[in-house]
Amino acid sequence: MKPVLRILSRLGNATVGGVERLGFAARFFAAILRQSGTSVVRPGLVVKEIYQAGVLSLIIVLMSGMFIGMVLALQGYETLVRFGATESMGVLVALSLVRELGPVVAALLFASRAGSAMTAEIGLMKTTEQLSAMEVMAVDPIARVVAPRFWAGVISLPLLAALFSTLGIYGGYLVGVRLIGIDGGAFWGQMQAAVDWRYDVMNGVIKSAVFAFAVSLIAVFEGYDAKPTAEGVSAATTRTVVTSALVILALDFVLTVFMFRGGVH
Amino acid sequence: MNRKIIDLWVGIFVAIGLAALVFLALKVGNLLTTSEERTGYQVEARFDNIGNLKPRAPVKSAGVVVGRVESIRLDDKTYEGVARLHIYSHYQFPRDTIAAIFTSGLLGEQFVGLEAGGDTVMLKDEERIRKTQSAVQLEKLISQFMFSKAQDAPPAGAPASSPPVATPAAPAAVPGAKP
Chain A
0 MKPVLRILSR
10 LGNATVGGVE
20 RLGFAARFFA
30 AILRQSGTSV
40 VRPGLVVKEI
50 YQAGVLSLII
60 VLMSGMFIGM
70 VLALQGYETL
80 VRFGATESMG
90 VLVALSLVRE
100 LGPVVAALLF
110 ASRAGSAMTA
120 EIGLMKTTEQ
130 LSAMEVMAVD
140 PIARVVAPRF
150 WAGVISLPLL
160 AALFSTLGIY
170 GGYLVGVRLI
180 GIDGGAFWGQ
190 MQAAVDWRYD
200 VMNGVIKSAV
210 FAFAVSLIAV
220 FEGYDAKPTA
230 EGVSAATTRT
240 VVTSALVILA
250 LDFVLTVFMF
260 RGGVH
Chain B
0 MNRKIIDLWV
10 GIFVAIGLAA
20 LVFLALKVGN
30 LLTTSEERTG
40 YQVEARFDNI
50 GNLKPRAPVK
60 SAGVVVGRVE
70 SIRLDDKTYE
80 GVARLHIYSH
90 YQFPRDTIAA
100 IFTSGLLGEQ
110 FVGLEAGGDT
120 VMLKDEERIR
130 KTQSAVQLEK
140 LISQFMFSKA
150 QDAPPAGAPA
160 SSPPVATPAA
170 PAAVPGAKP
């Protein structure tokens with residue numbers, strides 16, 4: 000009887016704890032929005048964080064986009080050549096990147112490259128009591144430290160996702176047209192005929208914006224909520240990457256259902 | 000790192016990010032053409048069978064895209080498929096235009112083809128195209144072909160069909176007799 004009770008109480012504790020953290024995260028999000036005035040008045044703070052989160056993630060995002068586009072073209076060719084539809088390669092590469100892979104993979108990379116860094120930075124500031132010191136000096140740490148990082152993430156990720164898709168399509172073009180030898184005119188022409196800027200491109204941008212809010216919030220929240228110890232910061236950094244990945248993929252499913260509904264609209 | 004260099008890099012990042020968005024909208028998507036395509040008029044075409052026609056499928060005349068299929072629904076009074084066609088405003092068609100559903104290639108997507116008639120009065124917004132031709136269904140074609148073959152066959156086929164009935168019986172009896 001006793002072990003059963005212990006399991007039950009642990010389960011209940013974890014559930015209550017999870018809901019409590021969710022409530023704290025929501026309150027934290029509201030606080031960020033309230034304290035965002037500083038980021039507008041002093042854009043230099045946000046610019047510095049965009050450099051950290053966006054510019055430094057460029058290389059990994061651009062390279063991954065390029066390689067994913069190239070692989071898509073190679074794999075797509077294998078299937079399309081059976082139906083004699085290799086001219087549709089442009090459509091295949093562009094639609095998969097713009098609708099799904101661009102926003103999702105860029106967000107995953109962003110969470111592991113920039114999100115984890117944000118968490119570690121804020122967590123370490125908390126551990127070394129820099130945040131408390133700011134409070135003592137009547138500087139709100141949410142306004143001065145958290146909000147600029149949050150908005151930097153929100154601005155950077157959609158741009159990174161667009162760059163990812165662009166480089167991916169270029170990679171697809173390199174492999175499809177230059178390497179395999181599909182007709183370049185058909186590649187671009189069919190792509191333009193099939194990709195709708197509102198239905199496909201804008202929905203992809205909306206997706207990456209939603210992911211940007213989610214990943215940035217998770218990253219700064221985990222940092223702010225980290226246990227002020229060395230293990231606490233490392234655990235928080237891990238949680239950022241894991242939670243971000245799960246939230247991105249779950250949100251992606253929900254958004255896809257809303258946006259595309261299997262082509263019926 | 001120097002403040003100015005950071006600003007410069009962030010500026011470059013935002014600029015190429017926005018350039019990528021513009022590239023996606025213009026070169027990959029079809030934003031360039033939509034300004035002239037957005038204005039247009041709607042006509043309705045009723046088909047006995049709409050086949051695999053999908054919303055957003057092209058409307059073509061002489062192979063040139065002149066519009067898009069806006070929506071498809073079933074009229075539950077006449078049980079006809081009703082396709083609303085959005086035709087770009089700079090294209091005008093006579094009232095006796097024929098709308099037909101074609102397939103591009105053997106397995107390709109279906110589209111609505113418009114064949115202009117000779118009427119001097121042009122189609123207006125919210126009017127209906129009276130003459131339509133349904134989608135060709137491969138199953139129907141095959142069954143028609145089979146029926147017409149079957150109808151052709153009996154005079155020559157009837158005497159020919161009786162020996163084959165007898166022949167399978169003979170080989171069947173041989174293996175049965177062997178053991």
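Those sequence lines, one after another, are chains A and B. Under numbering that gives the first Met the number 0, the residues of the first sequence are numbered 0 to 264, in order. Under numbering that gives the first Met the number 0, the residues of the second sequence are numbered 0 to 178, in order. By construction, the Cβ of each residue, glycine as well, lies at the ideal position given by its N, Cα and C atoms.
Roughly how many angstroms lie between the CA atoms of residue 105 of chain A and residue 57 of chain B, to the nearest whole one?
-> If you number the first sequence from 1, residue 105 of chain A lands on position 106. If you number the second sequence from 1, residue 57 of chain B lands on position 58. About 33 Å.
Segment limits, beta strand (DSSP E) that includes residue 49 of chain B = Within the second sequence, residue 49 of chain B is the residue found at index 50, counting from 1. For residue 49 of chain B, there is no enclosing beta strand (DSSP E), since its DSSP letter is neither H nor E.
Does the distance from the CB of residue 126 of chain B to the CB of residue 68 of chain B come in under 8 Å?
-> Taking the first residue of the second sequence as position 1, residue 126 of chain B is located at position 127. Taking the first residue of the second sequence as position 1, residue 68 of chain B is located at position 69. No, Cβ-Cβ distance for residue 126 of chain B and residue 68 of chain B is not below 8 Å.
Would you say residue 20 of chain B and residue 93 of chain A are within 8 Å of each other, going by their C-beta atoms?
-> Working through the second sequence from its first residue, we reach residue 20 of chain B at position 21. Working through the first sequence from its first residue, we reach residue 93 of chain A at position 94. Inclusion of residue 20 of chain B and residue 93 of chain A in the CB contact set at 8 Å is not warranted, their separation being larger than that value.
How many whole angstroms separate the CB atoms of residue 176 of chain A and residue 186 of chain A, which I take to be in contact at a CB cut-off of 8 Å?
-> Here residue 176 of chain A refers to the residue found at position 177 of the first sequence. Here residue 186 of chain A refers to the residue found at position 187 of the first sequence. Confirmed, Cβ separation roughly 5 Å.
Report yes or no: is there a C-beta of chain A within less than 8 Å of the C-beta of residue 23 of chain B?
-> By 1-based counting over the second sequence, the position of residue 23 of chain B is 24. By the rule that beta-carbons nearer than 8 Å mark a contact, residue 23 of chain B touches chain A.
Should the stretch 5-21 of chain B be called in touch with the stretch 134-144 of chain A, which here means at least 3 C-beta pairs below 8 Å?
-> Between the stretch 5-21 of chain B and the stretch 134-144 of chain A, the count of C-beta pairs closer than 8 Å stays below three; the two stretches do not touch.
Below-8 Å beta-carbon distance, residue 84 of chain B vs any chain A residue | The residue given as residue 84 of chain B occupies position 85 in the second sequence. Not one chain A Cβ lies under 8 Å of residue 84 of chain B.
Which of helix, strand or coil does DSSP assign to residue 128 of chain B?
-> For the purposes of this step, residue 128 of chain B is taken as the residue at position 129 of the second sequence. DSSP places residue 128 of chain B in the strand class (E or B) of the three-state scheme.
Identify whether residue 67 of chain B lies in helix, strand or coil by the three-state DSSP scheme.
-> Residue 67 of chain B sits at position 68 when you count from the first residue of the second sequence. Of the three classes helix, strand and coil, the one that applies to residue 67 of chain B here is strand, per DSSP.
Using 10 angstroms around the beta-carbon of residue 100 of chain B, count the other beta-carbons present and answer buried if the total reaches 16, otherwise exposed.
-> In the second sequence, residue 100 of chain B corresponds to position 101, counting from 1. Burial check for residue 100 of chain B: the Cβ neighbour count within 10 Å reaches 16 or more, so the residue is buried.
From A:260, A:118, A:16, A:8, pick the residue whose C-alpha is nearest to that of residue 216 of chain A; which is it?
-> One-based indexing of the first sequence puts residue 216 of chain A at position 217. It is A:118.
Cutoff 6 Å; reference residue 65 of chain A; Cβ partners in own chain excluding five residues on either side = If you number the first sequence from 1, residue 65 of chain A lands on position 66. Once the five neighbours on either side are set aside, the close Cβ partners of residue 65 of chain A are 166, 170.
Keeping to the same chain, check which residues put their C-beta closer than 7 Å to that of residue 102 of chain A; ignore five residues upstream and five downstream.
-> Against the first sequence, residue 102 of chain A aligns to sequence position 103. Short of 7 Å from the beta carbon of residue 102 of chain A, and not among the five residues preceding or following it, lie these beta carbons of its own chain, in chain order: 160, 203, 206, 207, 210.
What does a CB cutoff of less than 6 Å around residue 37 of chain A pick up in its chain, not counting 5 residues either side in sequence?
-> Counting from 1 along the first sequence, the entry for residue 37 of chain A is found at position 38. Closer than 6 Å at the Cβ level, and outside the excluded window around residue 37 of chain A, lie 142.
Beta carbon proximity, residue 162 of chain A to chain B, threshold 8 Å = Position 163 of the first sequence, counted from the first residue, corresponds to residue 162 of chain A. Interface residue (Cβ-Cβ distance to chain B less than 8 Å): residue 162 of chain A is classified as such.
Taking buried to mean at least 16 other C-beta atoms within 10 Å of its own C-beta, is residue 148 of chain A buried or exposed?
-> Stepping through the first sequence from its first residue, residue 148 of chain A is reached at position 149. Buried, since its Cβ has 16 or more Cβ neighbours within 10 Å.
Looking only at DSSP bridge pairs, what is residue 89 of chain A linked to?
-> The residue labelled residue 89 of chain A in the question sits at position 90 within the first sequence. None, per the DSSP bridge assignment.
Alpha carbon to alpha carbon, how far is residue 75 of chain A from residue 62 of chain B? Give it in angstroms, no decimals.
-> Start at 1 with the first residue of the second sequence, and residue 62 of chain B comes out as number 63. Start at 1 with the first residue of the first sequence, and residue 75 of chain A comes out as number 76. Rounded to whole angstroms, residue 62 of chain B to residue 75 of chain A spans 28 Å at the Cα level.
Beta-bridge partners of residue 113 of chain B, as assigned by DSSP | Taking the second sequence and counting its residues from 1, one reaches residue 113 of chain B at position 114. Bridge partners of residue 113 of chain B: B:98.
Do you know how far the Cα of residue 222 of chain A is from the Cα of residue 121 of chain A?
-> As a working mapping, residue 121 of chain A is identified with position 122 in the first sequence. As a working mapping, residue 222 of chain A is identified with position 223 in the first sequence. Rounded to whole angstroms, residue 121 of chain A to residue 222 of chain A spans 5 Å at the Cα level.
Contact set between the stretch 176-198 of chain A and chain B, restricted to residues whose Cβ is under 7 Å from the partner | Those would be 190, 191, 194, 195, 196, in chain order.
Beta-carbon contacts of residue 34 of chain A that lie in its chain and below 8 Å, excluding the five residues immediately before and after = Within the first sequence, the letter at position 35 stands for residue 34 of chain A. Within the same chain, residue 34 of chain A has close Cβ partners 139, 141, 142, 145, 146.
With DSSP as the reference, label residue 55 of chain B as helix, strand or coil.
-> Numbered from 1 along the second sequence, position 56 holds the residue referred to as residue 55 of chain B. Coil.
Is the distance from the Cβ of residue 5 of chain B to the Cβ of residue 47 of chain A below 8 Å?
-> Here the question's residue 5 of chain B lines up with position 6 in the second sequence. Here the question's residue 47 of chain A lines up with position 48 in the first sequence. Judged by their CB atoms, residue 5 of chain B and residue 47 of chain A are nearer to each other than the 8 Å cut-off.
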